[in-house]
Each structure stands twice: as C-alpha cells, then as structure tokens.
Amino acid sequence: MKPRTQRTIGFVAFAAFVVFIAVLPSFISDFKARDYSYVAIYLIALLGLNILTGYTGQISLGHGAFMAIGGYTTAILMAGNEQFGGPISGGMKDLWTLPIAGLVAGLVGLAFGFPALRLSGLYLALATFAIAVAMPSTVKRFEEFSGGGTGIQLFGTPELTGSIANVQVLGRSLTPNDWMYYLAWSIALVAFAVAWLILRGRTGRAFRAVRDSETAAVSSGVSLARYKTLAFGISAAYAGVAGGLFAIVSAFVNPDTFPVALSIFLLVGIVVGGLGGLSGLVFGAVFIAFLPLWAQGQDLGSLLPDRIVEETKKPGGPAIVYGVVLILLMFVLPNGVGGLFRRAGQLLSRRRYSPPK
Amino acid sequence: MRLRWTLVAAAVALAAAAPLALAGSTADPGVTSTTILLGGTSPLTGPAASYASVARGAKAYLDSVNAQGGVAKRKIEYRIVDDAYNPAQTVQAVRRLVEQDKVFAVFNTLGTEANLAIRDYLNQVKVPQLFAASGATTWGRDAAKYPWTIGFQPSYAAEGFVYGRYVAQNMKKAKIAVLFQNDDYGKDLLGSLKSGLGRSGSKIVAAEPYQVTSPDVGSQIAKLKASGANVLAIFATPTFAIQAYVFANRLGWRPKVIVNGVSGTSNIMVLASEGGKNRAVEGSITTTVLKDPTDPRWKNDASMKLYRSLLSKYAKGANPNDVYHVYGMAVAYETVGVLRRLGANPTRAALMKAARSLNDPKNPFLLPGVVVKTGAGDNFPVQQGQLQRWTKGRWVPFGGLWTSKRN
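Respectively, the protein sequence lines represent chains A and B. Letter by letter, the first sequence follows residues 2 to 358 in my numbering. Letter by letter, the second sequence follows residues 1160 to 1566 in my numbering.
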C-alpha cells in the first residue's frame, strides 16, 4: 500500500472518530458525557506527553505539575485570588483562560527544558518527578495566591459557562454535562490535528532523530538544545490546556487535584496507548479516566462476579485491582494499543515485517 | 494538501455541532416504593483510610434496620464511594452520586476539605448534605447561607476551646507546642485553642503545620521539642497522631499531650503506645462524645452489646474496638430517626427540615446525657463532650459533660 493510500485511510478513520464523538452523547446518559469529557482532557495531556516521551525520547514524570500550572492559571483568572489576599481580581470567562493556561505552562516547560538538556534517561525522570512531588506543597505554601489546601471553587461563578443552567450553542440547548463534553472534545480534536501537523514535518523528524540517536541527530545538523526545549515547551503547553480544562470541568481545583500519582498515570496512559503513536492514545485516555472507577467495582460491577466486586469495596481494594489490570495489560499488549493498531495495519497491508536473515 | 485542511475543518465543525441534548429530571430522586438511596464518600484508601470505619459502622447499622423492614417499608441503601481523602476526587464522586446514581441525599461524607469542596454544588442543586462527618464550625455557623448542609459531631471550635480552657485552669504558665494539619480542619482547632487560653499565663510558643500528603511529621516534632514547650497539642489525622507520639518518644520528649478527639480514640492510642513502650502516651488528654467499646463501664451496657452484635453480623471482620464504628452507628441511628419522621412521602426539603429540628436525648451510641438537638437558630446537632485522660492503657473520664455555648 502506498503511503498516500495509508494517509487517506487515516483521514477517513479520523473523520469516522469525529462523527462517533459527535453523536456519542445521544446514546449515553447525561452524566456519562461528563465522564467522557475527562477522557478528552487526558487525551490532550497524553498527546503532549507523547510528543516529549514517545517522539523525542525524553521521559517526564512531572506532567501532572504542568497540568497543575494550567489548572491554577485558569482558576485564578476566573475566580481571582483577592478573597485569599492575592493581587488578581479574576473575572475572565472560562474559555479565554485556556490559551493563557497553555501559554503559561508552555513557558514554564521551556524554562525547564534548559536544565533538562544536561540530564538524560533516569536522571531526567527523577528531576521531572521532583517537580511533581514539590507542586502540591508549593501551591499550599503560597496560600494568598492559590487559596491553599482548600482550593478554589469555580462552581456557580459567573465566569463558568454551564454550572447548572443549560447552555445555548448554535441554536441548540445543551445540558451542562453535554456542554463540557463538546467543549473538551472540540479542543482535544484540534489538539490532535495540531500534534499530527507538528509531528509529520521537519520538526517531527528532528524529534525522532533526537530520540533514536542523539549523536546521529547532531551530526545531521539537528540542534539538540533547540529541539529538546521545544519538545518540553509544546508538551507542557498541552498539559497546561488539559489542566485548565480539568479545572473548568471539575469546577474546582485544589493542590490534590493534580497529585504525584497523576504524573505517573499519564505515563501509564502513553504506555498503554503506545509510545510514538497518536491514535492509540485515545485508549490510554480511556484507561486512566475509567480504570480507577472500574477498580472500585463501579459501572462494570454487573459484569464481574460478586466475590470480586466485594473485594474492591474493602480498604485498599481498588489499588490492588488497578495494579493487577495494569500488569495483565502489559503482558498482553507490550506495545500498547497503538502497537496493536500498527500490527493490524501491517497485516492488512500485507507488509509484514520480516527480520533480516 | 487541500483535502487535508478540508478534513481538519470538517472534523472541528463536526465536533462543535451538537446532537440532541437529553432533558428532564424528576422531583426528589432516590426514593422508590421500596428503597431510599443515600450516598457518600469515605477514604477507603489514602492517608486517612482509618476513617473508613465511620462509613462501615453506619452501613452496618442501616443494614440492620433494613433487615427489620427498613423505614416506612423502604430499605435504606447507602452507597459508599472512595475518595482517598482527596477533595478533588470527592467532587467528582459526589457529582456522580447526584447526577448518575441519583441519590436522595449525600450522607456522612468524611473530611472537612471534602465537605467544603462539595458544599457549593450541593446547595445549588438543592441536594441535602446530611450529617457531614467533620467538626468544622462552618456547617453550623453558616447554615443560613448553606441551607442544604448540616454537620453532626461537636464543632472543632468548641473542642479547641475546651482544651484551651482546661490548660488555662489547670496549668500555670504552660508553654504549648502545636502540631496541626495544614488545612481548615487543623486551623479551626488551633484558632479555638488560642481563644480558650484567653488571658491566662499559658501561651502557644510554637505551631508547626504538616501536609496531609507528606510521609511523616518527624521534622515538625523535632522543631516543636526545640521550642522548649511542656505541652504538646496534636491536631492531626490518626496516622500522623501516632507518628507524633512515636517521634516524641524517640526524641526523649515527655510533654503533657493533648490529642484531638477524632484522632484520640483508644484503638489509635493503643497503637501509639507501641505495646506499652511509649511513655509519652500516658496522661494524654482528649475529649469524646462516643461510648468507647474498650471502656469497662459499658461492658454490660445494652447499646454496646447491640453495637457488637450488629458489627459482627453486618460488618464481618471489622475490629469492634475501633471507635469510628460507634460514630458511624450513632450518625446512622439519628438518620433513621430523621427518615422515620418524613412519613410515607419523603422529600429532600422535608429531610432538611427534620434535621434542623432534632431533639433526641437517647442516642444509644453517645454518652449518657448527650442530647442531639437542633432548632431555633441552633444548627449544631451535638455540642457536648467529655474530657478524658489516658491512664494505664485506657481512657478515664474526668469532670462532667461539657456543653459548648459558643460556636
């Protein structure tokens, strides 16, 4: 199959997915739409993280922190922090805060990209992990700026579109949950298209070159400093937008909204979705959005034996289920869902890889 | 090229276009002809997982009521969801309970921060936030602004004040060091301890906060010891309270300890005493309003016998010495009383009205003499307590019941 045909198949698949997303709320309950808007949010964060980790080869265990920066940027621009004694009066409409959330997180990401140049592999993972660990305490420390541990409440503020009342969009009346769903998925799909455009051209090639061999990349004229910091910046901006959306959909942020575990879940998400691919990430996002619920025996409870559901209700139960599922998944799909897609694609196009003899 | 942009544009347009929105909600969901659905979050995992027993005890009691036919021929279903003591998870879980599971009321949700995080939402959608399991003063104080929210246990303001007054009256020129959880819960206790001290010669010489997400409080205890204080006030959640005792003992520090009620239960104290090796535990002061299952006074008490039998029947494997189970049963008992008063057609509004006009002197799981009372501007269901001292492996009460007039 020619690359051209392959790309057409890709477009058709994407268009089909967009149609699926557009009609999905008609088939699920109003509240489920809200759950699926979190899938869109995680998808945005995973797209960004995969640009950095999957394509450029730089491990980040700190992307939850970039989401926190985006989330707090959005929340403070909306609700202000004067009520805690801070300088910002807020009052910005929710949608307009998102580009700023992305920009602020992106700048922090760029700034972090510079010291990260000197670190690689495990050391970079640890350095990024440190920001994730420090973030909740840092937010609490600057109480007059962030509202401390109590967090910032956005529910019912005039800046939040659709707290309770339906939202009018293009002549249709959407319930608040459906509104959040379409908002999050519109942004996620745009983010997907943008990621695809970035990765398919010169920049994407440079990213992959850095990942595959830094020495080879430099000798071909690829600037390591430029592309590594760029990858950090883009990736953090994605996380920032995701964090901002998270704040809007949850209508609440506090330091524990973006815990250390979130950074790890995001990494789990791209591994489940498949490193170095985009379409599989949707499954990675579904995984991190829903597995904590499933692990509590919710939603899927009726499909499982009562004995197991009962275990998940006990203290510590959900964590064990989560771990077991993750281990099983890595056994069955070592290259993630994206790897499965690629394999299926290879089988379809009869271009099976045969190892050199 | 052109094809690509057309597709991208089409994708975005499609995503923004909206199919039919679902409509409709019925009045007062969660009640059927055979069931009443309550729901609440509880930390089944995470740093405060020991509080999971509160929900477990409540569920055991409600199940026992259901076994006898329920309330007005309806069984009370109590759905417990884990929030890992993380308010961000509480928000999502409670929205799920209200919008997906359609609970009649949100009940017995644990934690000050957790309850604060969901209060605006529940009051806007007019779903009762019944008997929030937190002693934050704001539940009772701000009832006019949040008519759908009510707490249960004595307020931390009352509790902290009682400790302050005790020190002021019994110790001359005490120097107090305070370990507190860095959130509204810890600060509520710290602030009221100060007001309880009043103008006495005793004062707080050091106060060290800790984050609930931090691994331990070793450095805080070292700093507090260095302040030269002779009284240590521990305003913490159970795991950290135990650590505070262990670290103080390891540093050879033997202050007089005040430990707040929700962390000063006898099962926690037994753990903190490290099998009798930790002498910092002896002589600790706390306050309680619950009957302690380990207290020999209640050995033949009918209600504590009931407690044990219900727990062994409906919460298999639960530790009967864990006082949080008693709290859960006390709050469930009161809830059943409230639901009975609603009659055959319970509504959410009637539920709140009943919860705001309580007068129950006979809750069997609370200390004798404690009256659960609300009404006429009083929105604090329980406002009494009993000071007690840890003596040779158990709590010994002293002084009579205190009643808080200030909240």
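Using N, Cα and C, we set each Cβ at its ideal position, and we do this for glycine too. For clarity, every value in this text was computed on a predicted model and none was experimentally measured.
key: Chain-ordered chain A contacts of Glu1367 of chain B [CB-CB under 9 Å]   = Simply none; closest approach about 14 Å.
ask   = What are the boundary residues of the beta strand (DSSP E) that includes Ile1195 of chain B?
value = 1194-1201
task = Let me know the secondary structure DSSP gives Glu1367 of chain B once reduced to three states.
result = strand
Any C-beta of chain B under 9 Å from that of Ser164 of chain A = yes
ask   = Does the pairing of the stretch 248-257 of chain A with the stretch 29-43 of chain A give three or more beta-carbon distances under 8 Å?
value = yes
Lys141 of chain A, buried or exposed, once every other Cβ within 10 Å from all chains shown has been counted against 16 = buried
ask   = So, is Leu1348 of chain B buried or exposed, given that buried needs 16 or more other C-beta atoms within 10 angstroms?
value = buried
C-alpha distance - Ala1291 of chain B paired with Gly278 of chain A, whole-angstrom precision = 46 Å
query = How long is the line joining the alpha carbons of Val1405 of chain B and Val1376 of chain B, rounded to whole angstroms?
reply = 10 Å
query = Along the chain, which unbroken stretches of the alpha helix (DSSP H) at least 4 residues long are found entirely within the stretch 1240-1264 of chain B?
reply = 1246-1254
message = Closest to Arg365 of chain A by C-alpha separation, out of A:Asp179, A:Tyr228, A:Ile60, would be which residue?
response = An answer regarding residue 365 of chain A cannot be provided, because it is not within the stretch 2 to 358 covered by chain A.
query = Any residues in the stretch 1276-1310 of chain B with a beta carbon nearer than 7 Å to a beta carbon of chain A? Which ones, in chain order?
reply = Ala1276, Asp1279, Tyr1280, Gln1283, Val1284
query = CB-CB under 7 Å to Ser1354 of chain B, same chain, minus the five flanking residues each way: which ones, in chain order?
reply = Phe1320, Gly1323
task = Would you kindly report the start and end of the unbroken beta strand (DSSP E) that includes Phe1557 of chain B?
result = 1553-1562
query = Which word fits Gly86 of chain A, buried or exposed, when buried means at least 16 other C-beta atoms lie within 10 angstroms of its C-beta?
reply = exposed
key: Cβ distance (whole Å) where Gly110 of chain A is taken to contact Phe143 of chain A below 8 Å   = Not really, about 20 Å apart at Cβ, beyond 8 Å.
ask   = Skipping 5 residues on each side, what residues in its chain have a beta carbon closer than 8 Å to that of Asp1342 of chain B?
value = Thr1271, Glu1272, Val1371
query = From Met181 of chain A to Gln1328 of chain B, what distance separates their C-alpha atoms?
reply = 57 Å
message = Given this structure, state the Cα-to-Cα distance separating Ile1444 of chain B from Trp1554 of chain B, to the nearest angstrom.
response = 9 Å
inquiry  = Using DSSP's beta-bridge definition, name the partner residues of Ala1537 of chain B.
reply    = The sequence as given places Asp at residue 1537 of chain B; Ala does not occur at that position. Note: Asp1537 of chain B sits in a beta bridge opposite B:Gly1534.
task = Name, please, each residue of chain A whose Cβ falls closer than 7 Å to the Cβ of Gln1251 of chain B.
result = Ser251
ask   = With C-beta atoms as the reference, is Val242 of chain A less than 9 Å away from Gly103 of chain A?
value = yes
inquiry  = For chain A, check one thing: does any of its Cβ atoms lie closer than 9 Å to the Cβ of Asn1654 of chain B?
reply    = The structure shown does not extend to residue 1654 of chain B, since chain B spans only 1160 to 1566, so no value can be given for it.
task = Look up Ser174 of chain A in the DSSP assignment and say whether it is helix, strand or coil.
result = strand
task = Measuring only between beta-carbons, confirm whether Arg1507 of chain B sits less than 9 Å from chain A.
result = no
inquiry  = Determine whether the beta carbon atoms of Thr1398 of chain B and Gly1423 of chain B lie at a separation below 9 Å.
reply    = no
message = Against Ala102 of chain A, what residues of chain B qualify as contacts under a CB-to-CB distance less than 7 Å, listed in chain order?
response = By Cβ distance, chain B contributes nothing, its closest Cβ being about 17 Å from Ala102 of chain A, past 7 Å.
message = For Phe1563 of chain B, which residues in the same chain have their Cβ closer than 6 Å to its Cβ, ignoring the five residues on either side in sequence?
response = In the sequence as displayed, the identity of residue 1563 of chain B is Ser instead of Phe. These residues qualify, in order along the chain: Ala1317, Gln1542.
request  = Note the first and the last residue of the continuous beta strand (DSSP E) segment covering Lys1521 of chain B.
outcome  = Looking at the DSSP string, Lys1521 of chain B is not in any beta strand (DSSP E), and its letter there is neither H nor E.
request  = For Glu160 of chain A, name the three-state secondary structure that DSSP assigns.
outcome  = coil
query = Between Thr1204 of chain B and Thr1268 of chain B, which are expected to be in contact by the criterion C-beta below 8 Å, what is the C-beta distance as a whole number of angstroms?
reply = Not confirmed; about 16 Å, so no contact.
request  = Please compile the residues from chain A whose C-beta is within a distance smaller than 7 Å of the C-beta of Gln1402 of chain B.
outcome  = Those within 7 Å of Gln1402 of chain B in chain A number zero; the least Cβ separation is about 18 Å.
ask   = Ends of the alpha helix (DSSP H) at Ile1335 of chain B?
value = No alpha helix (DSSP H) contains Ile1335 of chain B, which is instead part of the beta strand (DSSP E) from 1334-1340.
task = Following the continuous beta strand (DSSP E) through Trp1412 of chain B, name the residue where it begins and the one where it ends.
result = Element bounds for Trp1412 of chain B: n/a, residue is neither H nor E.
message = Quick check on the DSSP output: what are the complete beta strand (DSSP E) runs of length 3 or more inside the stretch 1420-1503 of chain B, in order along the chain?
response = 1444-1447
message = Just to make sure I have the definition right: I need the residues of chain B whose C-beta is within less than 7 Å of the C-beta of Ser30 of chain A. Which are they?
response = Gln1259
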